[in-house]
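A short write-up of the structure that comes next.
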Amino acid sequence: MELERIYHLYKRAGFGITYSEAKKQSSENKKQVINNLFNSSSQTSPLNVPIDEIKTLFKNNPGKLSKDNKMHLRKISRRKLLEFNRKWLYRMGETDEALRERMTLFWTNHFVVRERNIIYFQSFNNMLRQNALGNFREIVIAVAKEAAMLNYLNNQQNRKKKPNENFARELMELFTLGEGHYSEKDIQEAARAFTGWRHNFKGDFVFNKKIHDFGSKTFMGRTGNFNGEDILDIILEQSQCAYFISKKIYSYFVSEKIDKNHIEELASVFRKNYDIAEIMHYMFSAEWFYDKKIMGNKIKSPTDLLVGMMQIVPFKFKKTKELAYVQKLLGQQLLNPPNVAGWPGGRKWIDSNTMLVRLKLPSVLLNNGIISFDVKGEFEDSLSEFNKKKNVGKKLDVESDWNFFNAQFKKSSYAELNMIVLGANLHEDTEAFIDSFEKESKADYCIQLMSMPEYQLC
Amino acid sequence: MKRRTFIKSSGLASGVLFVPNFLKAHDQLWPSILGHKKLVIIQLAGGNDGLNTIVPYTNDVYFKNRVSIAQKKQDLLLLNDEIGFHASLSKFKNLFDDGYVTIMNSVGYPNPVRSHFRSTDIWQTASSSKEILKTGWVGRYLDSVAKDPVGAIEVDDMLSMMLKGEKINGIATKNAKLLYNTTREPYFAKVLESSQDKHLNEHNLGYLYKTAIDAKSSAAYIFEKTKVYKSTWEYPKNAFGKQLKTVSEFINSGLKTQIYYTSLSGFDTHANQINAQKRLLSTYSEAISAFVNDLKHMGTFKDTVILTFSEFGRRVKQNAANGTDHGAANAVFLMGENLKSPGMYNAPPSLMDLDENGDITYEIDFRQIYSSLLDKWLQTNTTEIISGNFEPLNLV
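Residue numbers (my numbering), protein chains in the order written: chain A, 837 to 1294; chain B, 471 to 866.
Below is the structure:
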């Protein structure tokens, strides 16, 4: 497979690929390369931050936590979530299970939660990782049973006498069918079927019979004593469901410009078994996935930007808080989606401010540049802290591994470096412009390439 | 890594900024489309406790629910025999006494959401609590009316949802010079110079170049236009005071920008509310008073309206930590020289008629306020900006 196709595949299906690995695979054919991608993600390595501190807190306070202890727990959780964020980002840059990690990130923006409890969050995140390439039915059911989701969409409050429709609504609107493919009545009836789906303090799923509505429900024209699983099965029978998910996958992995024929192709594959690996395999094998109009025409998310840079020049923030600041400036803090619909993505990533930050970022992170930032206070911030912040012209504390870069690209040509960093099919103006760069050091050259607007695309 | 080499190789920018013709056209169109009225929006982020701000000091229910945090009559700045302002609001009260303030009580929306993020979204996008909009209401104003990023400025370093449109986003800056300098970095300038018109017509790449060029020309416009004027008025020396001073400088130097947005955070007072809110309200009151007086002094207050909101109010009943939890409807302030209904716009919230969570129920939908301001103040057709029919109020 040609080098440029390998890079395209890995930028979309993973987070990039090292030069040596890409070179190695370039002697294999398309089928082999795609199989490699899937084979290396056949295992699941859970991602965890140590939570001994929390365990000790519970052990020392059997029964109920006091108010102070609860506050303490929140504080530990906040710190741990930040740690998880960092670990997750680096995982994406370093993992061999590239496709699995990409799918995990994809599903977190499909089954969106915001969760302040690290134990619940971690469990949710690893559940998605585990099911990322599995069966869609299984993943939806697992999602519905996670504490993070039960909390976020209020199913914890969904009881026979007082149904809460939040989860049922989003299940159909955002997770399976899309707006307009169900009625308000369907939402009400589905909500009844999910009554009593709860979690205990530890975060384990429990079914509370006492508050479950065992009565007859009429959902999408069918009547029965449906439970949550039954509702989902009826949803999966709708041909719209496979289409909806295929469209979402297409616009995330291929292009925001919708091609109905290609999506219908994907949907007909997906409808058979709702097998996620199968639809992804079909898509990455399709010749249209490698169309010249598709390659290099997707706007990178901030996460893609950071992780993609890491693949070329590994770097680490010395202070986790600074990583969070940079994510915030770019408009995507992992673990902090804007709302239940997640980040809209595409052109929505780009405004004047994020564009300027993006163009400056390579020299800031990799070349000791200075960035001006003064991030809005969190809601918890006290006023004095808000006033204290003086971050203008601050230097970020980042350690970058140029030795890795130099070793990797020692033998590459400048033309190859252009293709790896900016992609193939460059505009002739761009070609002419980067042709004017001094070619004294590949490192300097690379930073300039990364500071091009073209670098925002993948 | 030779940093010096990089700077050298990134070249010297020629002084001329390449701006494609289609972008230049905006400047000429501008004056005929837009008036000179200004709208300044301030969010008290975190959910300010409206009940302890505008205090119903004769209401028994208030005192019963707030045993340790109720504001006592003797501490308040009394307005009438029902209502008093929090003691920190003395300068704000002067503005009120001069007839420059309208206070709207019980502002909210149906099925209120008690999450900061979601509720802030709702206020910023002007959506209902059941729909998720991907553009902010000021962003939609940029799309359909201003058609230029400089039409709205957020005095901050990051752009909020409120100023994001479908096609056009506003500009965020606290420091026009810094923003301008960033866009003027030699390498950046050189990259943009290298682009040609046909480049800009391309799919996503064109969008990236256009945004960068917009950033550059907007930053240059804001900087050039504002560098000659510096406010001499004295503002409180804190971040919020500085932000309002910047807004005043933007307005008074004649920027064509019509909408400004800024926020003051820290209002999430779950514990030990008394001192925290006291400091916050005092910061607000002093900065806003300096701001109004500065504008008055410069003769621009008559063309400015200031809207202050919070994403929600606090629960009526205090919690065990001497604080309050997330609530629902809340008071909204409007300031200006020619208000139609200065004073209290409507009666204080009924504390007998709370919702199932024990929160104040809404009487005025916040989108009625937006619609009224767009329609009556900015003389704009609201239908493309706010969806749904919201009865206009007699405000401006």
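Ideal Cβ placement from N, Cα and C applies to all residues, glycine included.
Local Cβ density within 10 Å of residue i, reported as buried at 16 or more and exposed below that
i: Q868/A; result: exposed
i: F782/B; result: buried
i: I870/A; result: buried
i: A790/B; result: exposed
i: R922/A; result: buried
i: K472/B; result: A caution first: K472/B carries a pLDDT of 44, below 50, which makes its placement in the model too unreliable to give a value.
i: N961/A; result: buried
i: S502/B; result: Note that S502/B scores 38 on pLDDT, short of 50, meaning its location in the model is unreliable and no value can be drawn from it.
i: M822/B; result: exposed
i: H796/B; result: buried
i: A1243/A; result: exposed
i: N1175/A; result: buried
i: P1289/A; result: buried
i: Y855/A; result: buried
Residue i vs residue j beta-carbon contact at 8 Å
i: L1295/A; j: F1120/A; result: Chain A is shown from 837 up to 1294; residue 1295/A falls before or after that span and cannot be answered.
i: I573/B; j: F737/B; result: no
i: I638/B; j: Y730/B; result: no
i: Q728/B; j: K508/B; result: yes
i: I1085/A; j: L1068/A; result: no
i: N522/B; j: Q541/B; result: yes
i: E719/B; j: T696/B; result: yes
i: S558/B; j: S755/B; result: yes
i: F555/B; j: L565/B; result: no
i: P1180/A; j: K604/B; result: yes
i: M632/B; j: G609/B; result: yes
i: A799/B; j: S576/B; result: yes
i: T794/B; j: T831/B; result: no
i: V976/A; j: F942/A; result: no
i: Q747/B; j: T732/B; result: no
i: N884/A; j: Q958/A; result: yes
i: N722/B; j: Y699/B; result: yes
i: P1173/A; j: V948/A; result: yes
Start and end residues, alpha helix (DSSP H) containing residue i
i: S959/A; result: I954 to N967
i: K1296/A; result: Not covered by the structure: residue 1296/A. The range shown for chain A is 837 to 1294.
i: S589/B; result: H586 to T595
i: V717/B; result: A709 to N722
i: H1017/A; result: Segment: none, H1017/A is in no alpha helix (DSSP H) and carries neither H nor E.
i: R995/A; result: From DSSP, R995/A is part of no alpha helix (DSSP H); its letter is neither H nor E.
i: H908/A; result: K903 to E930
i: R938/A; result: A934 to T944
Residue i - partner residues in DSSP beta bridges
i: S780/B; result: Bridge partners of S780/B: none, in fact.
i: I853/A; result: In DSSP, I853/A forms no bridge with anything.
i: E1235/A; result: K1152/A
i: N800/B; result: V577/B
i: N1063/A; result: Note: N1063/A sits in no beta bridge, so no partner.
i: D1111/A; result: N971/A
i: L509/B; result: I729/B and V775/B
i: V571/B; result: M805/B
i: K634/B; result: N639/B
Assigned secondary structure, residue i (DSSP; H/G/I helix, E/B strand, else coil)
i: H844/A; result: helix
i: P1138/A; result: helix
i: D1187/A; result: coil
i: P526/B; result: strand
i: F562/B; result: helix
i: Y611/B; result: helix
i: L548/B; result: strand
i: K1278/A; result: helix
i: F737/B; result: coil
i: L521/B; result: helix
i: E624/B; result: strand
i: Y1291/A; result: helix
i: N1044/A; result: coil
i: I856/B; result: coil
i: D835/B; result: strand
i: W1033/A; result: strand
Start-to-end residues for the beta strand (DSSP E) that takes in residue i
i: T1059/A; result: R1058 to G1060
i: F555/B; result: I553 to F555
The region 678-690 of chain B: positions lying closer than 7 Å to chain D by Cβ: Protein chains A and B are contained in the structure displayed, whereas chain D is not.
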